[in-house]
Amino acid sequence: MDNTPHGGVLKDLHIRDASLQKQLLEEAEKLPDIVLTERQLCDLELLLNGGFSPLEGFLNEDDYNSVVNTLRLKSGVLFPMPINLDVSKDDAEQLGLEPGARIALRDPRDENPLAILTVEDVYTPNKAVEAEKVFGGDPEHPSVVYLNNKVKELYVGGKLQAVQPPTHFDYVALRYTPTELRTHFKKLAWRKVVAFQTRNPMHRAHRELTVRAARQRQANVLIHPVVGLTKPGDVDHYTRVRVYEAIMPKYPNGMATLALLPLAMRMGGPREAVWHSIIRKNFGATHFIVGRDHAGPGKNSRGVDFYGPYDAQELVTKYKDELHIEMVPFQMMTYLPSSDEYMPVDEVPKGTQTLDISGTELRRRLRTGAPIPDWFSYESVVKTLRESYPPRTKQGFVLFLTGLHNSGRSIIARALQVTLNQQGGRSVSLLLGETVRSELSSELGFSPEDRHKNVQRIAFVAAELSRAGAAVIAAPIAPYHHSRKAARDHVASTAGAGGNFFLIHVATPLEYCEATDRKGVFKRARAGEIKGFTGIDDPYEAPTDADIAVDVSTQTIPEIVHIQRDHPRGRPEHPPINKIRELHATSPPPVTIKVSPPTVVRTSLRSTLSFSTLSATRTSALPRVLCPSTTRVSIAPRSAAQFAVRMSHHGFGESAVRPDPDQVVKDIADYVHDFNVTSELAMETARLCLIDTIGCGLEGLRFKECARLLGPVVEGTTVPNGTKVPGTNYQLDPIRGAFNIGTMIRWLDFNDCWLAAEWGHPSDNLGAILAVADHLARQGQPLAVKDVLESMVKAHEIQGQLALLNSFNRVGLDHVVLVKVASTAVVSKLLGLTREQTIDAVSQAWVDGQSLRTYRHAPNTGSRKSWAAGDACSRAVNLALLVKKGEMGLPSVLTAKTWGFYDVLFKGKPFEFQMKYGSYIMENILFKISYPAEFHAQTAVEAAHTIYKKLQDMGKTSDDIKSVRIRTQEAAIRIIDKQGPLDNFADRDHAINYMVAFPLIYGRLTTEDYTDKAAADPRIDALRAKIFCVEDKRFSAEYHAPDKRSIGNALLVTLNDGTVLDEVEVEYPVGHKRRRAEGTPLLIAKFKRHIAPHFNEDHQSQILKAVSDSAALSKMPVDKFTDLFVEA
């Protein structure tokens, strides 16, 4: 259901004023203007796009007073947050701001006009009342500080007209207006949407929370983070968005979407929660997660919370009948190591052990480089955070020395520079007061204003250097407290991970400074020859907030510089020394993990946390482990085997007790042995798949590069009762036969396809299935084509279900690992293995050396990708035969700690499954019918053919093309968006720009068009250089959606004369289930083309008759079926 916007109508001023845009743009250039602040820019963007509906402008005085006092507009509509345009009195007078005046509002980044404001009134707000009523009145509240220090004297109220939206250069594809996001939800058929507000990085608990909230309400999830102004000190939005992008693939396919909200938060607690609810309602959400202390700034300097923990939830509940968006209370999640899952805290059984890492602890681990466990966050998220927030040893920092003239500041600064350079590890920059004065501030004098400006210039340079990881030593006099504070604040807020600022007060007394002044500067100042001299006739405000104080009258320079060396653990009276030391630390500090029930286990990072070691004794050979002597960790496994396994996981040594087989492996064996294929759709699709796959293999044989790899290992060998290879006269053992058939099937990348988290071609499994079935039939076993079809359904299902949610390519593994597993399972059943033997055989497939995707990606793309599936088929048959002869299995092949598949090859992550094994994959398989193109490009090639015809109708050719934009899915960009030279067939049939360029030039794409001869046409690379891909988030989402599984592409062609052709969009290729009726005749025609070069017309007719009668084909013995395709 589509949630009605707040106030009943979405106030999208861009749409409303679109017809006036040109006129408004011209008018804006002639009007007086206001260049907006960053907060005003955020507010304006959401006013213009409808995010703040029902507002159509900045609040006039009546609405402002009503919102402040009653949380309502003058009309009575609920709106809790005053949205104001503040200006100074001088600006108001200079701009002539009065009712009826029109003012252009400009973007502060590029000064483009964004809107025109028609002034209704100009008024003086009561800031004290606003601070009290809206934010609670605490003078330390960030918005109260902003109100008192940055908001100008007057507010301007009035309605807006939209000129143009702000231009963004970051994460453009993720920036949706309310209209766009509502359209997106409608297109995805999302009826219920749970919005999640965040201004922090997300971790596994957040994912579990949002998934749980969505499933409980049968809804989808909108991750809607704020990327405008948030709380000072928050993680920058660039890092956060990279984190959100990293966590999105962890959601079930089609469940969640990510959109950015350019909101300037006020940290207004309860009022802000109501405001956020209205905003999410305007963006189309039906539910909104509200947390404890939602949008609160935490505690003040006295440790008092600005708001109560449930104030926000209570206020949203109070207005629920007017908000018309359901509040979802935020559930605190905690990790249960015993079951490797997250659960709401209030649902955890009493006495159950839990693990949590606080925000403070997380920041400490990032700061120190300490490990962050995978139960807390995902590896990709941690990697992103570490890139933006490196450990202390990689962070920049600023040592800011302040003191009187001749206090020793410059000498200490130079000595520090030498010492830090000696230590190495980072660049060291020195900003001496006199140097900066001559190089950066030569035009400044020594008035208080100029002194302040000079210090701020130093702070700016220091922050830029520190952000890049440098050590910065700044040593100005900096006599004023407000200047030093502003410098500290600037570095802390703009230097990112380098925002480490240490104020060092060189507190050498004035008398000493004056007595040791060899140049007589103090003497001249006292004589009145120098005016405004610090310490004489201009004050020096001694710091009360210095991190370290030193005094050259009582300490030598070496003592001052080497405090760290003399006190390696820091001095109690100087805690900041410890922090500075961390910046140079060569070994990480101990880890602290919070364990509930309350137990704190501390251990060196050089060892794995061990619950088996509860001794506080320490030796030189063992890591120190501190734990209260009364604490015991209870372990109560259900069996001796489980006990042994669990103890091996906790440091008691490896257990020799063999565990039960992994559940994933057992489920595959149970499916193969127990499931009956009853779906007529699946069996009919399997028939089409069988004949198409055989045809693709025959077509592959026409290429010498394929044919030369086939045949027996020893030339001329014929195996009695062996497997016959279609299209040849080879009769081979079933292992070599599986390689031959699998290789020819896959050679041209023209057989079927399955696209999910992992992509692949399940009909590859026919190499193993047909080789074994034909061999067994020739030995006299009564196997019919029906047995082959059922085996194909099951192999498709195993490979496809494993691929739905588990991305093997993201860990560098090729999808043929799934061919090997699926083929091993089904041929085990064909070979007569028991369920237990099938478990053993499948476990062998998982432990067998897995193929890397190296051969599928530039610069190593090569023909191995064409025979990799054949190799997998042959390995599968070999492993099943070995087990049949008595070879044992590996019961915990997937889950074994350290040595199992999950830990070694899958980054410790267990497989996820979307549904039970059945016949879903075969029923929904994708056929490559029209073009021998990698499947992600099928619809792009179809669109290119359409555009070719359009060009012909216009009297144009590909030479007239200026550019081609391909709007596509993320998977296509990752797999087939290749630039540069394409050196071979395998490169070309996996390059989308080649597959699009060729039909734009020739109006066709066949297997021969990937050869070196075809690729020699210089027009191809010339056109490829004009083709570029962009991701369409909708295509990416619908690619994974179980009810769609589209493979959308859209081509937009611009010609040299400026003509832009209508974009051609194709969402579903002809081989898709949704186009099955259209595609089946074409599939048969494709099969006819493929058998024609191999057999005479009578033989072709015999084959076509056999494969066209479904009932007769099912009963045909397998060896008779194979004989149909064997060379005479």
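Take 23 as the starting number for the sequence shown in the working numbering and just add one per residue. Where is the CB? At the ideal position from N, CA and C, for every residue including glycine. Predicted model, so just to flag it, every value in this text is computed and none were measured.
Find the nearest neighbour of residue i within the set the options, judged by alpha-carbon distance.
{"i": "residue 1003", "options": "983, 1030, 1039", "result": "1039"}
{"i": "residue 505", "options": "564, 528, 557", "result": "564"}
{"i": "residue 945", "options": "53, 706, 1076", "result": "706"}
{"i": "residue 226", "options": "196, 394, 727, 279", "result": "394"}
{"i": "residue 938", "options": "1001, 692, 857", "result": "692"}
{"i": "residue 569", "options": "833, 811, 1148, 423", "result": "423"}
{"i": "residue 1000", "options": "470, 984, 1017", "result": "1017"}
{"i": "residue 948", "options": "1091, 302, 343, 872", "result": "1091"}
{"i": "residue 685", "options": "843, 913, 576, 736", "result": "913"}
{"i": "residue 893", "options": "849, 759, 440", "result": "759"}
{"i": "residue 57", "options": "298, 133, 1081", "result": "133"}
{"i": "residue 46", "options": "765, 377, 67, 124", "result": "124"}
DSSP state of residue i, grouped into three classes?
{"i": "residue 357", "result": "strand"}
{"i": "residue 130", "result": "coil"}
{"i": "residue 593", "result": "With a pLDDT of 39 at residue 593, under the threshold of 50, the predicted position of this residue should be treated as unreliable, though the coordinate-derived value follows. Of the three classes helix, strand and coil, the one that applies to residue 593 here is strand, per DSSP."}
{"i": "residue 528", "result": "strand"}
{"i": "residue 1159", "result": "Nothing in the structure corresponds to residue 1159, since the chain is present only between 23 and 1150."}
{"i": "residue 1119", "result": "helix"}
{"i": "residue 109", "result": "strand"}
{"i": "residue 957", "result": "helix"}
{"i": "residue 332", "result": "coil"}
{"i": "residue 492", "result": "coil"}
{"i": "residue 772", "result": "coil"}
{"i": "residue 680", "result": "coil"}
{"i": "residue 1126", "result": "helix"}
{"i": "residue 28", "result": "coil"}
{"i": "residue 1021", "result": "helix"}
{"i": "residue 321", "result": "strand"}
{"i": "residue 900", "result": "helix"}
Taking the beta strand (DSSP E) that residue i belongs to, which residues open and close that run?
{"i": "residue 351", "result": "348 to 351"}
{"i": "residue 715", "result": "Taken as a continuous stretch (DSSP letters only), residue 715 belongs to no beta strand (DSSP E), being part of the alpha helix (DSSP H) at 702 to 723."}
{"i": "residue 451", "result": "450 to 454"}
{"i": "residue 86", "result": "Residue 86 -> not in any beta strand (DSSP E); alpha helix (DSSP H) instead, spanning 83 to 92."}
{"i": "residue 292", "result": "Run containing residue 292: none in the beta strand (DSSP E); it sits in the alpha helix (DSSP H), 291 to 304."}
{"i": "residue 370", "result": "It is not in any beta strand (DSSP E) - residue 370 carries neither H nor E in the DSSP assignment."}
{"i": "residue 377", "result": "376 to 378"}
{"i": "residue 141", "result": "135 to 145"}
{"i": "residue 698", "result": "Neither: residue 698 is in no beta strand (DSSP E) and is coded neither H nor E."}
The alpha helix (DSSP H) spanning residue i covers which residue range?
{"i": "residue 984", "result": "From DSSP, residue 984 is part of no alpha helix (DSSP H) but of the beta strand (DSSP E) over 983 to 990."}
{"i": "residue 756", "result": "756 to 768"}
{"i": "residue 483", "result": "470 to 489"}
{"i": "residue 516", "result": "503 to 516"}
{"i": "residue 309", "result": "Unbroken run through residue 309 is the beta strand (DSSP E), 309 to 312; no alpha helix (DSSP H)."}
{"i": "residue 279", "result": "Counting along the chain, residue 279 falls outside any alpha helix (DSSP H), though it belongs to the beta strand (DSSP E) covering 278 to 280."}
{"i": "residue 580", "result": "579 to 583"}
{"i": "residue 55", "result": "Careful: residue 55 lies outside any alpha helix (DSSP H), inside the beta strand (DSSP E) at 55 to 57."}
{"i": "residue 944", "result": "942 to 945"}
Going along the chain, which unbroken runs of the alpha helix (DSSP H) with 4 or more residues stay wholly within the stretch 151 to 229? 164 to 171, 200 to 210
Between the stretch 112 to 120 and the stretch 27 to 37, are three or more C-beta pairs nearer than 8 angstroms? no
Taking the runs of the alpha helix (DSSP H) that are 4 residues or longer, which of them lie wholly in the stretch 1036 to 1077? 1040 to 1046, 1055 to 1062
Are there three or more Cβ pairs, one per stretch, closer than 8 angstroms when the stretch 88 to 107 is compared with the stretch 37 to 53? no
For the 8 angstroms Cβ check, are there 3 or more pairs between the stretch 766 to 783 and the stretch 714 to 733? yes
Is it a yes or a no for the stretch 806 to 816 touching the stretch 1095 to 1106, going by three-plus beta-carbon pairs under 8 angstroms? no
Would you check if the stretch 779 to 789 and the stretch 678 to 686 touch, i.e. whether three or more CB-CB distances between them fall below 8 angstroms? no
Do the stretch 706 to 719 and the stretch 1129 to 1148 meet, that is, are 3 or more Cβ pairs less than 8 angstroms apart? yes
Under 8 angstroms: do the stretch 988 to 997 and the stretch 928 to 943 share three or more Cβ pairs, one atom per stretch? no
Given 8 angstroms, three or more beta-carbon pairs between the stretch 815 to 829 and the stretch 870 to 877: no
Any contact between the stretch 329 to 345 and the stretch 266 to 284? By contact I mean 3 or more CB pairs, one from each, below 8 angstroms. no
The stretch 287 to 295 touching the stretch 157 to 168, judged by at least three CB pairs closer than 8 angstroms: yes
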